[in-house]
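Quick notes on the structure that follows.
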Amino acid sequence: MAARPYWSGHIQISLVSFGVKLFTATESMSEIRFHQLDRKTGERVKYQKVSSASEESKVEKTDIVKGYEYSKGQYVTVEPEEIENLRIPSRHTLEVAQFVDAAEVDPSYFEKPYFVVPESDTQAEAFAVVRKALQKTKKIALGKIAFGGREHLVAIAPPADDKLAGMMAYTMRYAAELRNPASYFADIKPVAIEEDQLSLAEELIKRKSAKFAPEKFKDEYETALKAMVEAKVHNAPIPREEPAPASSKVINLMDALRKSVQRDEGDGEAPRKASTKSTAAKSTPAAKKGIALVKAKSRKTA
């Protein structure tokens, strides 16, 4: 377990209160760190903080203070201890405002995950009872925590794996932080969906469905970047992947769906037989449909 929690405090539900610690649940996996260099000399570029009144004089870190511009060129300064002394209950206590159905919350509201553990063994009983109650009711608790220079909306929930004894906390976006999707989706024209197309699309989804296994997904960009850097360090040729040739053959949506299902045949159960009564008559040139089928890389066979 991490030696130092990101936040320590209490979760309060009505008259029930228990101490908890939050630990960051994510970490950076990037192994490549770039520095800025002078192209001519190869030396690292460094930045110094200088005063706008005299750009030649460096300002020491101890002489820098936060300032809020309340009028053009007019500032009020704020000291770190003044911010620290702000009387905000959520700095030390997450008071649960309400419980909501877990399935009711739009995923776009969630930001960053944290691990939640009891502050000590004496807090474990209340912690375990609340965790179990959330599991049985399929609810999440909503409250607020102040850290990192702002007050965050936070969701508390049991982990997806029932065998894990802790809980999860997720910082969330406020409603005002999310843009209204209606203005972006308003120009999408409604289209008539043919039953044959829908049937094949459902079959394609069925064939490519699997249990969620996040460990199967890797950051290919990071891998390629690392390979390029390693090659340059050892003066070796930079590895380049040949792009898959795009097909110049353009077909309609129905044919694209059918060929996709045939391509993935054997990956799942036998496909349902889609109705094709008037497929030939309904098939239209891709110039009208705007659908292009891209040839997939040929699969190697044993």
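Using the numbering used here, the letters of the sequence shown map in sequence onto residues 157 to 458. We put the beta carbon where it would ideally sit given N, CA and C, even for glycine. All figures in this text were calculated on a predicted structure; none of them were measured in a lab.
| Asked | Found |
| --- | --- |
| Can you give me the start and stop residues for the beta strand (DSSP E) that V176 sits inside? | 172-180 |
| Just curious, the alpha helix (DSSP H) that Y270 is in, first and last residue? | No alpha helix (DSSP H) contains Y270, which is instead part of the beta strand (DSSP E) from 266-274. |
| Rounded to whole angstroms, what's the CA-CA distance from E359 to K367? Just pull it up for me. | 17 angstroms |
| Please give the ranges of any beta strand (DSSP E) in the region 321-400, keeping only runs that are unbroken, at least 3 residues long and fully inside the region. | 323-328 |
| Would you say P315 and A181 are within 7 angstroms of each other, going by their C-beta atoms? | no |
| Measuring only the C-alpha atoms, how far is Q230 from G223? | 9 angstroms |
| Give me whichever residues DSSP pairs with V256 in a beta bridge. | I296 |
| Assess contact between the region 260-269 and the region 327-337, defined as three or more Cβ pairs (one per stretch) separated by less than 8 angstroms. Is contact present? | yes |
| CA-CA distance, I349 and R243? | 57 angstroms |
| With H, G and I counted as helix, E and B as strand and the rest as coil, what does DSSP make of P161? | coil |
| Could you tell me the boundaries of the alpha helix (DSSP H) in which S416 lies? | 409-419 |
| Cα separation between E237 and K217? | 16 angstroms |
| Note down, in chain order, each residue of its chain lying with its Cβ closer than 8 angstroms to the Cβ of V417, except the 5 sequence neighbours on either side. | L356, E359, L360, R363, P427 |
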